[in-house]
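Enquirer: Note that the protein sequences, when read in sequence, are chains A and B.
Just so you know, the first sequence maps onto residues 0 to 113 in numbering that gives the first Met the number 0.
Just so you know, the second sequence maps onto residues 0 to 134 in numbering that gives the first Met the number 0.
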Amino acid sequence: MTYLAIGICVLCQICLVAGHILLKHAMNATHAAPRPWAVISRNVAGGIALLNVWFFLWLGLLRNWDLSRVFPFEGLSPLLLMLGAWMFLGERVPPRAWLGIVLIGVGVSLVAQP
Amino acid sequence: MRNTRPAWFLNPYFQLGVSAIMLSAAEISLKIGATADAGGAAVTAVFNFGAITSFATWIGILLYVLSFMIWLHVLRLMPLTEAYSLTNVVHITVPAAAWFFLNESISTNRALGISFVLCGALLVAAPSAKAEETL
Chain A
0 MTYLAIGICV LCQICLVAGH ILLKHAMNAT HAAPRPWAVI SRNVAGGIAL LNVWFFLWLG
60 LLRNWDLSRV FPFEGLSPLL LMLGAWMFLG ERVPPRAWLG IVLIGVGVSL VAQP
Chain B
0 MRNTRPAWFL NPYFQLGVSA IMLSAAEISL KIGATADAGG AAVTAVFNFG AITSFATWIG
60 ILLYVLSFMI WLHVLRLMPL TEAYSLTNVV HITVPAAAWF FLNESISTNR ALGISFVLCG
120 ALLVAAPSAK AEETL
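#1: With 16 as the cutoff for other CB atoms within 10 Å, does B/T34 come out buried or exposed?
#2: Residues in its own chain within less than 7 Å of A/V92 by CB, not counting five upstream and five downstream?
#3: Could you name the residues of chain B that A/M81 contacts, counting a contact when the two beta carbons are closer than 7 Å?
#4: Taking buried to mean at least 16 other C-beta atoms within 10 Å of its own C-beta, is A/F70 buried or exposed?
#5: Is the region 124-131 of chain B in contact with the region 80-93 of chain B, if contact means three or more CB pairs nearer than 8 Å?
#6: Quick one: residues in its chain with C-beta nearer than 8 Å to the C-beta of A/G99, no 5 flanking neighbours on either side, listed in chain order?
#7: Between the region 19-49 of chain A and chain B, which residues of the former have CB atoms less than 7 Å from a CB of the latter, in chain order?
#8: How big is the Cα-Cα spacing for A/H139 and B/W7?
#9: Within 8 Å of any Cβ in chain A, is that where the Cβ of B/A97 sits?
#10: For B/H90, return the contacting residues in chain A, with the cut-off set at a CB-CB distance below 8 Å.
#11: Just checking: is the beta-carbon of B/R109 within a distance shorter than 8 Å of some beta-carbon in chain A?
#12: Within 8 Å of any Cβ in chain A, is that where the Cβ of B/Y12 sits?
#13: Where B/A128 and A/W97 are concerned, what is the direct C-alpha to C-alpha distance, given to the nearest angstrom?
#14: For A/L22, does the three-state DSSP call read helix, strand or coil?
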């Protein structure tokens, strides 16, 4: 694969994960007593926008590359979730998860090979 | 409620299987839709807006949404950590479907890469479920 395609694969997964997180924040906000509509609508709009970017990037990847080649990049999304919690919330990443991150990285670079 | 056991078709394990099959079918449909028509745009374009003119793309979107709705139903009945682990079967079913229905050839390297991703995804399933709950 080209470096551009690999970069798009990664960007695609970042948009997917970030989009889901925004939608989840919006849904969490609906539990507040007077519903904070500004927060809800901002997060829903952001989430939908990111998922749209993900979708059309994904269709662009599928046009040029085998499905069995780009799909393994989906393995990056649980990894990104965890890294997000680690970077933004200071959550601890257990050793087995670091091993998992390495395996996903190796696997993705194997399928990305020309 | 006297009978809290869900009917067999509402069993979360069965539903997860259905969700995985639907996601695989969705990805196959999206692949067909994405390659059906370049929509006049250059094939090197990063975004593929032309794909929405293909019927297969819409079938793919429908299946994707259905698969997501089933996933939400599963999450009501099963802990996220367990669901996250089990849903990794898609790393096998999607490439298998691509091989079977789209005649994609899966080289040794690619098969090896897929197995590495699967093992890694299983290892991060529980911590990433925790991350999803806190993020």
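In this text, a Cβ means the ideal position worked out from N, Cα and C, and glycines have one as well.
Expert: Taking the definition as stated:
#1: Classified as buried, B/T34 has 16 or more neighbouring CB atoms from the shown chains inside 10 Å of its CB.
#2: Within the same chain, A/V92 has close Cβ partners M81 and W85.
#3: For A/M81, the neighbours in chain B by C-beta distance under 7 Å run, in chain order, V123, P126, S127 and A130.
#4: Classified as buried, A/F70 has 16 or more neighbouring CB atoms from the shown chains inside 10 Å of its CB.
#5: Proximity of the region 124-131 of chain B to the region 80-93 of chain B meets the contact definition, three or more beta-carbon pairs being nearer than 8 Å.
#6: The residues are L78.
#7: Listed in sequence order: I20.
#8: Since the first and last residues shown for chain A are 0 and 113, residue 139 of chain A lies out of range.
#9: Output row for B/A97: interface = yes.
#10: For a Cβ distance threshold of 8 Å, residue set F70, P71, E73 and G74 of chain A lies close to B/H90, ordered along the chain.
#11: With 8 Å as the cut-off, B/R109 counts as an interface residue toward chain A.
#12: It does not; no Cβ of chain A falls within 8 Å.
#13: Put simply, the backbone Cα of B/A128 is about 15 Å away from that of A/W97.
#14: A/L22: helix per DSSP, three-state reduction.
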